[in-house]
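Chains G and H supply the protein sequences, listed in that same order.
Number 211 in my numbering belongs to position 211 of the first sequence; there are no gaps in the numbering.
Number 122 in my numbering belongs to position 122 of the second sequence; there are no gaps in the numbering.
The C-beta atom is built at its ideal place from N, Cα and C for all residues, glycine as well.
One structure is given here, and the rest of the page talks about it.
There are 2 protein chains.
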Amino acid sequence: MTASNISTLRVDLGDRSYDIKVGSGLIERAGELMAPVLARPRVVIITDDNVAPLYLDALTKSLNAAHVQTDAITVPAGEQTKSFAQLESLSEKLLELKVERTTTLVALGGGVIGDLVGFTASVTLRGIPFIQVPTTLLAQVDSSVGGKTGINTRFGKNLVGAFYQPKLVLADTEVLNTLDRRQLLAGYAEVLKYGFIDDPDFFEWLEINGKPLLGGDIGLRREAVLSSCGAKARVVAEDEFEKGKRALLNLGHTFGHALEAESGYGGGLLHGEAVAIGTAMAFDLSHKLGLCDGQDFGRAVAHMKSVGLPTDFSTLNAKDWTVDALMNHMSRDKKVEGGTMTFIMVKGIGKSFITQDIREDDLRQLLARWLS
Amino acid sequence: MTASNISTLRVDLGDRSYDIKVGSGLIERAGELMAPVLARPRVVIITDDNVAPLYLDALTKSLNAAHVQTDAITVPAGEQTKSFAQLESLSEKLLELKVERTTTLVALGGGVIGDLVGFTASVTLRGIPFIQVPTTLLAQVDSSVGGKTGINTRFGKNLVGAFYQPKLVLADTEVLNTLDRRQLLAGYAEVLKYGFIDDPDFFEWLEINGKPLLGGDIGLRREAVLSSCGAKARVVAEDEFEKGKRALLNLGHTFGHALEAESGYGGGLLHGEAVAIGTAMAFDLSHKLGLCDGQDFGRAVAHMKSVGLPTDFSTLNAKDWTVDALMNHMSRDKKVEGGTMTFIMVKGIGKSFITQDIREDDLRQLLARWLS
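Quick look at the structure:
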């Protein structure tokens with residue numbers, strides 16, 4: 001392939017600006033693509049035991065061919081890896097390897113790896129550079145861009161972490177071929193989010209192209225990744241530290257995080273699946289409050305259903321769940337201010353907004369209905 | 001006392017700028033002094049079990065009188081508290097208290113508390129505000145200013161952390177009255193540092209005023225704290241992230257950290273004591289390399305000795321220490337670049353400079369001589 005097959009998006013953040021490169025076969029060309037952003041030709045690749053057998057060799061080979069010295073650390077796959085224990089073990093392994101402030105970490109994996117490695121990079125030696133090589137659709141379109149990093153705590157997801165931008169994101173769309181359908185769908189929920197937030201045309205495009213995209217069409221996948229990264233890059237450039245507009249990207253997430261917390265992060269519920277259900281809940285609540293008409297609500301849920309995303313609690317092991325437990329999870333959300341929860345509601349597809357005016361009663365009624 | 005007894009210094013860092021307030025009785029007036037920088041009238045005070053009995057009540061009372069809601073968490077005193085375990089336990093306690101991004105942490109204590117609380121603030125909910133109330137001379141003149149926060153690892157001190165600026169520093173010089181002489185002296189080593197780095201007049205002032213200052217003269221203490229904070233604020237404003245000049249503040253620290261690491265952080269060697277010995281080593285090496293004349297070397301060591309600071313290994317339990325072990329600690333310093341160690345050397349009192357041109361041989365000879 002030629003360089004023209006690579007699309008480059010810029011995340012515009014002053015001296016923290018960086019490129020997102022999207023294309024096929026980028027891992028095999030990682031050496032030449034990464035070299036220009038490395039302070040010194042030394043990286044430590046961090047990946048998980050699912051991804052290592054697939055891509056670690058190719059990535060290492062490419063970097064070595066570009067005269068970049070590599071070490072690699074493999075951690076267990078799964079959400080449980082986003083923990084204090086792994087943060088400690090990883091940073092100590094890095095210190096044992098005598099990383100310097102000019103050594104770059106490479107996060108090779110999905111959202112868990114990106115979040116953990118980004119956070120570890122932000123605190124090791126008070127901050128060393130890192131590069132994202134996202135290997136899931138979800139990580140490519142969402143978590144690898146924008147600098148939110150972190151780990152989970154027993155009080156909820158991502159409650160400890162840092163805003164810390166990568167030096168480069170390499171989204172190799174070829175890796176999507178090795179994802180199983182469930183993982184792909186989970187990522188697709190975050191793709192849809194950009195349509196729901198403020199881009200009804202993109203949603204319409206997805207209504208038409210979602211199925212072939214999920215079915216394997218490489219061109220459509222690439223287009224979806226580019227559109228999603230572009231949307232995210234624009235929001236992040238406007239509001240890096242989530243003082244305002246960036247919160248829109250949490251559409252479906254306040255509900256979704258509560259579902260994940262109750263599910264226990266054991267893999268029973270993927271993040272993207274939780275977001276899909278949470279988005280359906282946000283549309284439902286918006287509809288019930290008279291903010292969004294039934295047609296848009298129906299259309300949103302119908303498309304998610306049609307591709308196979310969950311839009312209710314039927315796949316969850318929720319029979320013992322309570323309204324109080326879900327409310328308690330939501331009350332620990334990072335967007336809570338003065339005890340007031342912030343929600344992303346919709347006035348229709350592509351018409352999301354931020355509000356603190358949701359009454360607890362309405363919320364509890366919604367949760368009770370979804371639990372019943 | 002009146003407001004005119006408070007001196008205010010500004011640390012100029014754009015939207016991360018903040019004031020350092022120096023004066024007597026500031027803890028009793030903390031409520032009115034802190035209120036203007038609080039996003040919401042809620043703080044969590046974090047202190048240790050040495051400091052809590054002395055000042056926690058007064059601080060709480062003052063905040064409550066200013067209608068600020070307070071919680072308090074007390075952790076064990078001592079360097080061992082700067083650990084991953086405490087970071088995790090503290091951030092989980094904060095989440096349990098349902099802190100929000102508008103809740104401010106107050107670090108009430110010495111350098112250990114300031115470093116731990118600052119780092120915890122930087123990662124909890126990806127960053128919540130914090131205020132420093134340093135209760136040791138060392139913390140007042142050095143660690144509470146400038147935003148370096150962190151914890152220790154088994155590979156060395158402060159190797160994991162963040163650059164994270166407080167919203168305010170309240171240096172109440174009255175608290176120095178409760179410090180024992182050893183703690184006071186340890187802080188004095190960092191005061192001296194500012195003279196050694198680039199202010200020969202300040203060193204001369206300390207030669208005259210050091211003893212009465214240490215003996216209890218309140219006016220002199222206040223003057224020394226102000227001069228030291230001013231010096232630090234200027235350096236930090238120029239080079240927040242230690243890309244250059246800020247490294248000068250590490251005079252005596254590369255050696256000192258190695259001594260601390262070998263001593264095991266058990267309280268046998270205080271940080272300021274390690275810095276005093278490290279500074280003597282830096283002068284010695286500079287002298288041996290023909291950079292600094294014997295008179296300045298002698299004068300520096302003589303003053304430290306005259307006030308009772310350690311300037312050799314005689315008080316350390318160093319009989320089993322080796323050159324290799326010390327070299328190994330120094331090679332993990334955060335300032336190492338491309339395998340090359342960075343040192344702060346002196347051309348005389350008030351004439352420090354940064355260099356990477358120290359040969360391993362010279363270093364090993366120095367260490368061997370100090371160990372013998």
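Boundaries of the beta strand (DSSP E) in which residue i is found, first to last residue
| i | result |
| --- | --- |
| Val160 (chain H) | 156-163 |
| Asp19 (chain H) | 18-23 |
| Ser7 (chain G) | 7-11 |
| Phe130 (chain H) | 130-134 |
| Leu168 (chain H) | 168-172 |
| Asn328 (chain G) | Note, Asn328 (chain G): premise wrong, no beta strand (DSSP E); alpha helix (DSSP H) at 323-330. |
| Met345 (chain G) | 343-346 |
| Lys148 (chain G) | 148-153 |
Interface residues of chain H facing residue i [CB-CB closer than 9 Å]
| i | result |
| --- | --- |
| Lys245 (chain G) | Near Lys245 (chain G) there are no residues of chain H at all, since even the closest Cβ is about 16 Å away, more than 9 Å. |
| Ser331 (chain G) | Lys98 |
Counted within 10 angstroms of its Cβ, other Cβ atoms place residue i as buried (16 or more) or exposed
| i | result |
| --- | --- |
| Arg246 (chain G) | buried |
| Asp142 (chain G) | buried |
| His67 (chain G) | exposed |
| Gln165 (chain G) | buried |
| Ala368 (chain G) | exposed |
| Phe29 (chain G) | The displayed chain sequence assigns Arg, not Phe, to residue 29 (chain G). Label assigned to Arg29 (chain G): buried. |
| Lys243 (chain G) | exposed |
| Thr8 (chain G) | exposed |
| Thr2 (chain G) | Its pLDDT being 46, under 50, Thr2 (chain G) is placed unreliably in this model, and the value from its coordinates should be taken loosely. Exposed: under 16 other Cβ atoms inside 10 Å. |
| Asn152 (chain G) | buried |
| Leu94 (chain G) | buried |
| Asp293 (chain H) | exposed |
| Asp201 (chain G) | exposed |
| Ala85 (chain H) | exposed |
| Ile208 (chain G) | exposed |
8 Å Cβ cut-off: residues of chain H touching residue i
| i | result |
| --- | --- |
| Gly338 (chain G) | Arg40, Glu100, Thr102 |
For residue i, the nearest candidate out of the options (CA to CA)
| i | options | result |
| --- | --- | --- |
| Gly147 (chain H) | H:Leu176, H:Leu125, H:Glu240, H:Phe202 | H:Glu240 |
| Ile131 (chain H) | H:Phe119, H:Ala318, H:Leu269, H:Ser24 | H:Phe119 |
| Leu289 (chain G) | G:Lys347, G:Ala300, G:Leu214, G:Val235 | G:Lys347 |
| Ala72 (chain G) | G:Ile344, G:Pro53, G:Lys167 | G:Pro53 |
| Ala107 (chain G) | G:Val160, G:Leu259, G:Pro129 | G:Pro129 |
| Arg42 (chain H) | H:Phe196, H:Arg101, H:Asn50 | H:Arg101 |
| Arg234 (chain H) | H:Glu88, H:Leu13, H:Asn5 | H:Leu13 |
| Ser372 (chain H) | H:Asp48, H:Leu316, H:Arg332, H:Asn5 | H:Leu316 |
| Ala162 (chain G) | H:Val123, H:Ala189, H:Leu159 | H:Val123 |
| Ala35 (chain H) | H:Lys82, H:Thr70, H:Arg181, H:Ser314 | H:Thr70 |
| Leu179 (chain G) | G:Gly114, G:Phe203, G:Thr135, G:Ala171 | G:Thr135 |
| Ser74 (chain G) | G:Asn64, G:Leu105, G:Met341 | Sequence inspection shows Thr at residue 74 (chain G); the Ser mentioned does not correspond to that position. Nearest of G:Asn64, G:Leu105, G:Met341 to Thr74 (chain G), Cα basis: G:Leu105. |
| Asp333 (chain G) | H:Glu96, H:Asp49, H:Val37, H:Thr60 | H:Glu96 |
| Thr311 (chain G) | G:Gly298, G:Thr322, G:Val323 | G:Gly298 |
Terminal residues of the alpha helix (DSSP H) in which residue i lies
| i | result |
| --- | --- |
| Gln80 (chain G) | Run containing Gln80 (chain G): none; DSSP gives neither H nor E here. |
| Phe203 (chain G) | 200-215 |
| Ile46 (chain H) | Premise fails: Ile46 (chain H) lies in the beta strand (DSSP E), 42-48, not in any alpha helix (DSSP H). |
| Ser352 (chain G) | From DSSP, Ser352 (chain G) is part of no alpha helix (DSSP H) but of the beta strand (DSSP E) over 352-355. |
| Gly111 (chain H) | 111-123 |
| Asn460 (chain H) | Absent from the model: residue 460 (chain H). The displayed extent of chain H is 1 to 372, so no value can be given. |
| Lys335 (chain G) | Careful: Lys335 (chain G) lies outside any alpha helix (DSSP H) and carries neither H nor E. |
| Gln295 (chain G) | 294-307 |
| Phe255 (chain H) | 253-263 |
| Ser286 (chain G) | 271-288 |
| Ala233 (chain H) | 218-238 |
Where residue i meets chain G, residues with beta-carbon distance less than 7 Å
| i | result |
| --- | --- |
| Val160 (chain H) | Ser91, Val123, Thr124 |
| Gly150 (chain H) | Arg126 |
| Phe196 (chain H) | Result: empty, since nearest Cβ-Cβ is about 24 Å, beyond 7 Å. |
Per-residue contacts from residue i into chain G (C-beta, under 9 Å)
| i | result |
| --- | --- |
| Lys334 (chain H) | Glu100, Arg101, Leu125, Arg126 |
| Phe343 (chain H) | Simply none; closest approach about 16 Å. |
Cβ-heavy atom distance, residue i to the ligand MN, below 7 Å
| i | result |
| --- | --- |
| Lys148 (chain G) | Ligands displayed in this structure: none; no statement on the ligand MN is therefore possible. |
Per-residue contacts from residue i into chain G (C-beta, under 8 Å)
| i | result |
| --- | --- |
| Phe155 (chain H) | Glu92, Leu95, Glu96 |
| Phe373 (chain H) | Chain H is shown from 1 up to 372; residue 373 (chain H) falls before or after that span and cannot be answered. |
Beta-carbon separation (whole angstroms), residue i vs residue j, contact threshold 8 Å
| i | j | result |
| --- | --- | --- |
| Leu138 (chain H) | Gly23 (chain H) | Not quite, the Cβ-Cβ distance comes to about 18 Å (not below 8 Å), so this is no contact. |
| Leu259 (chain H) | Ser352 (chain H) | Not confirmed; about 19 Å, so no contact. |
| Val99 (chain G) | Val44 (chain G) | 6 Å |
| Arg40 (chain G) | Gly338 (chain H) | 6 Å |
| Glu262 (chain G) | Leu326 (chain G) | 7 Å |
| Leu251 (chain H) | Lys193 (chain H) | 6 Å |
| Phe313 (chain G) | Trp370 (chain G) | 6 Å |
Proximity test, Cβ basis, 8 Å: residue i and chain C
| i | result |
| --- | --- |
| Phe163 (chain G) | Checking the listed chains, one finds no chain C in this structure; the protein chains it contains are G and H. |
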